[in-house]
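Some notes on the structure that comes next.
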Ligand code: ADP
Ligand code: DP6
Ligand code: CO
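Residue numbers (full-length UniProt numbering): 1 to 340.
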């Protein structure tokens with residue numbers, strides 16, 4: 001028997017991935033950019049055990065057994081095993097039991113699929129002795145997972161090749177580059193979303209003309225501007241682009257037919273508060289972004305946290321389920337323990 005436990009943090013996109021050009025290989029329509037959080041708070045913790053006694057693969061998520069025959073899980077295990085056979089790993093012949101827990105809400109728009117698949121692929125790679133880039137395999141579990149494999153500021157390149165081998169994540173800058181960056185997560189509702197990211201974006205690709213416009217006319221230039229803002233630590237521009245991209249992603253969801261609403265009244269009130277605050281300050285001090293869910297991720301610099309945090313607690317005393325204060329500091333996916 002061999003086992004390994006890995007943890008992987010979530011990543012919060014500032015240029016959103018929304019739409020695939022290839023469903024099976026999980027190839028996106030556009031590049032995306034995110035910051036990987038520290039593993040101190042929000043992360044997936046996954047243990048993978050391989051044994052001669054297992055005659056099938058099994059998977060438990062948050063204490064409940066899940067379908068281990070999902071095409072994504074099967075694809076990921078198959079890809080890792082293929083690589084493992086090349087390094088003649090003995091363990092690669094064995095079936096696995098996978099047990100994962102998220103210490104934050106699952107399927108609520110806080111990137112659980114990203115942390116979950118990054119931890120799983122890191123665990124399998126470690127167990128089977130696979131080295132080198134694993135972001136392309138994590139991508140086949142969930143697109144956003146390829147970005148959680150790396151720490152700091154990460155870009156997922158959509159790639160050009162039909163087999164997806166160049167659709168990988170690369171580092172724009174390590175977190176140490178912008179050590180003052182902080183992220184406040186406002187959990188508006190921790191329930192599972194009605195439309196998974198997978199089904200939501202599929203419907204947008206099918207029905208939204210605005211998505212096509214976004215992908216072709218907006219994201220390429222915005223991505224370049226975002227890379228520059230991160231590299232030069234230009235918070236003003238970073239914040240504007242982040243908020244514009246979040247708003248455009250949610251507009252695309254509204255342009256989808258039937259429309260998809262991920263944000264709720266509290267989410268919109270948070271947007272209004274951020275703009276009012278930035279207005280009073282005369283510059284952008286806080287940037288909101290919302291993934292496929294109602295929960296807010298707020299980027300700000302450390303010096304501005306105390307005042308804004310106090311404001312949030314006064315304005316929303318009872319509307320929030322919880323508040324997480326997370327450093328935008330990176331930690332790569334890490335192996336906690338192993339016995340190989
Ligand atoms: P989120 O916004 O949280 O990423 P998604 O709709 O993208 O929501 O994905 C949720 C799905 O991701 C879950 O239903 C489950 O299939 C998968 N997932 C979540 N957490 C994990 C995990 N720790 N390990 C493996 N898969 C996970
Ligand atoms: C809104 O990566 O969860 O969070 O590839 O189908 O698993 P699948 O979708 P997923 O989509 C994430 C969408 C997003 C934006 C982002 O993280 O870039
Ligand atoms: Co997801």
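We put the beta carbon where it would ideally sit given N, CA and C, even for glycine.
Item                                                                                                                                                                     : Value
Given a cut-off of 8 Å on the beta-carbon distance, is the pair residue 159 and residue 27 in contact?                                                                   : yes
Ligand 2 and residue 36: does any heavy atom of the ligand fall closer than 7 Å to the residue's C-beta?                                                                 : no
Which value, in whole angstroms, describes the spacing of the CA atoms of residue 30 and residue 6?                                                                      : 29 Å
First and last residue of the alpha helix (DSSP H) that includes residue 75?                                                                                             : 71-86
Am I right that residue 152 and residue 180 are in contact with their C-beta atoms under 8 Å? What's the rounded C-beta distance?                                        : About 14 Å; that fails the 8 Å criterion.
Can you give the beta carbon distance from residue 145 to residue 113, rounded, assuming they're within the 8 Å contact cut?                                             : 6 Å
For the putative contact between residue 205 and residue 20, defined by C-beta atoms under 8 Å, what is the C-beta separation to the nearest angstrom?                   : 7 Å
Does DSSP classify residue 242 as helix, strand or coil?                                                                                                                 : helix
With DSSP run on the structure shown, which of helix, strand or coil describes residue 340?                                                                              : Residue placement at residue 340 cannot be trusted, given a pLDDT of 48 that sits under 50; the coordinates are not used to answer.
Give the DSSP-derived three-state secondary structure of residue 312 in the structure shown.                                                                             : helix
Hey, would you say the C-beta of residue 113 is under 7 Å away from at least one heavy atom of ligand 3?                                                                 : yes
Can you tell me whether residue 8 is buried or exposed, with buried defined as 16 or more other CB within 10 angstroms of its CB?                                        : buried
Look at the alpha carbon of residue 264 and the alpha carbon of residue 71, and state the distance between them as a whole number of angstroms.                          : 32 Å
Taking 6 Å as the limit between beta carbons, can you name the residues of its chain near residue 340, skipping five residues before and five after?                     : Confidence is the limiting factor: at residue 340 the pLDDT is only 48, short of 50, which leaves the residue's position unreliable, though a coordinate-based value still follows. Excluding positions up to five away in sequence, the list reads 2.
Any heavy atom of ligand 1 closer than 7 Å to the beta-carbon of residue 193?                                                                                            : yes
For residue 195, I'd like the list of residues in its chain whose CB is within less than 6 Å of its CB, leaving aside the five on either flank, ordered along the chain. : 260
Can at least three beta-carbon pairs, one atom from the stretch 290-297 and one from the stretch 99-115, be found at a separation below 8 Å?                             : yes
Where does residue 300 fall in DSSP's three states?                                                                                                                      : strand
In the DSSP assignment, find the unbroken alpha helix (DSSP H) run with residue 139 in it and report its ends.                                                           : 135-141
For a test of your reading of the model: does the CB of residue 270 fall under 7 Å from any non-hydrogen atom of ligand 2? Yes or no.                                    : no
If I measure Cβ to Cβ from residue 45 and keep anything under 6 Å in the same chain, skipping five residues before and after, which residues do I get?                   : 7 and 101
From the DSSP output, in three-state form, read off residue 260 for me.                                                                                                  : coil
Give the secondary structure of residue 288 by DSSP, where H, G and I count as helix, E and B as strand, and everything else as coil.                                    : strand
With distances taken between CB atoms, is the gap from residue 74 to residue 128 smaller than 8 Å?                                                                       : no
Would you kindly check if the distance between the Cβ of residue 15 and the Cβ of residue 222 is under 8 Å?                                                              : yes
Alpha carbon to alpha carbon, how far is residue 275 from residue 61? Give it in angstroms, no decimals.                                                                 : 38 Å
Considering only heavy atoms of ligand 1, does any lie closer than 7 Å to the CB of residue 169?                                                                         : no
Grouping DSSP H, G and I as helix and E and B as strand, with all else coil, what is residue 157?                                                                        : coil
Cα separation between residue 97 and residue 124?                                                                                                                        : 11 Å
I want to check one thing, is the minimum distance from the CB of residue 300 to the heavy atoms of ligand 2 below 7 Å?                                                  : no
Answer yes or no: the CB of residue 44 versus the heavy atoms of ligand 1, is any distance below 7 Å?                                                                    : yes
Taking the alpha helix (DSSP H) that residue 207 belongs to, which residues open and close that run?                                                                     : 197-207
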